[in-house]
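Peer 1: Residue numbers (full-length UniProt numbering): 1 to 78.
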């Protein structure tokens, strides 16, 4: 896992998303790097060991991955 992001998924989700490390997965309005929210539920992947393993096994959302790559290369959107 990356130190600056948290890997999460929505209930029944088929891909994992990245949340900035300072955003809580326990708030409905928390957005992933791609802009997706877990509304009307909450993010999963930070609770039990089973959730963490599922988040690790899911492929990453393509837009989330792209945003993270851009940030790591020094590009931060205005």
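Heads up, the beta-carbon is just placed ideally off N, CA and C, and yes, glycines get one too.
All of these numbers come straight from a predicted model, not from anything done at the bench.
Could you check if residue 18 is buried or exposed, using at least 16 other CB atoms within 10 Å of its CB as the buried criterion?
Peer 2: Residue environment analysis places residue 18 among the buried positions, since at least 16 neighbouring C-beta atoms fall within 10 angstroms of its C-beta.
Peer 1: Use the C-beta contact count for residue 44: other C-beta atoms within 10 angstroms, 16 or more gives buried, fewer gives exposed.
Peer 2: buried
Peer 1: Along the chain, where does the alpha helix (DSSP H) containing residue 20 start, and where does it finish?
Peer 2: Run containing residue 20: none in the alpha helix (DSSP H); it sits in the beta strand (DSSP E), 17-20.
Peer 1: One question on the structure: do residue 9 and residue 16 come within less than 8 Å of each other, judged by their Cβ atoms?
Peer 2: Yes, the Cβ-Cβ distance between residue 9 and residue 16 is below 8 Å.
Peer 1: So who's on the other strand from residue 60, going by DSSP bridges?
Peer 2: DSSP output for residue 60 lists 16 as bridge partner(s).
Peer 1: My guess is that residue 33 and residue 68 are in contact by the Cβ rule of under 8 Å, so how many angstroms apart are they, rounded?
Peer 2: 6 Å
Peer 1: Assuming residue 25 and residue 37 form a contact by the criterion Cβ under 8 Å, report the distance between their Cβ atoms to the nearest whole angstrom.
Peer 2: With 8 Å as the limit, residue 25 and residue 37 do not qualify as a contact, their Cβ atoms being about 11 Å apart.
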